[in-house]
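Shown next, in structure tokens, is the structure this report addresses.
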Amino acid sequence: ALLYDWLDRLLYFRDAENLLFSDFRVEIREEGGRWRLKGKARGERFDPSRHPERTAVKAVTYHLMEVRREEGRAVIQAVVDI
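Laid out in structure tokens, this is it:
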């Protein structure tokens, strides 16, 4: 649920604050028997003159959600509702 909750939070900021994100740093670790996610997302406010409107993501889903390692990096796959 950590990944789902974080992605859902990004959608909230997109909708509530009109923010677009493009650069992400995510750290997931275990602390005291619990998993913690610390994430940073960089971006900017939506500007119609610079950002063409595309199909909007409505919600994150658990369907086919996957985290895997490739070439020493974590790769995240998530299916979203549009």
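The sequence shown begins at 234 in our numbering and counts up by one.
Idealized CB from N, CA, C, for every residue including glycine.
Same chain, Cβ closer than 8 angstroms to residue i, neighbours up to 5 away in sequence not counted
i, result
"residue 295", "237"
"residue 288", "315"
"residue 252", "246, 276, 277, 278 and 279"
CB contact flag (residue i, residue j, <8 angstroms)
i, j, result
"residue 293", "residue 256", "no"
"residue 244", "residue 290", "yes"
Under the three-state DSSP convention, the category residue i falls into
i, result
"residue 304", "coil"
"residue 242", "helix"
Spatial neighbours of residue i in its chain, beta-carbon cut-off 6 angstroms, leaving aside the 5 residues before and after
i, result
"residue 297", "312"
Integer-rounded CB distance, given that residue j should sit under 8 angstroms from residue i
i, j, result
"residue 262", "residue 269", "6 angstroms"
**Q.** Runs of beta strand (DSSP E) wholly within the segment 241-315 (minimum 3 residues, chain order)
**A.** DSSP runs (the beta strand (DSSP E)) wholly in the segment 241-315: 252-264, 267-278, 299-303 and 306-310.
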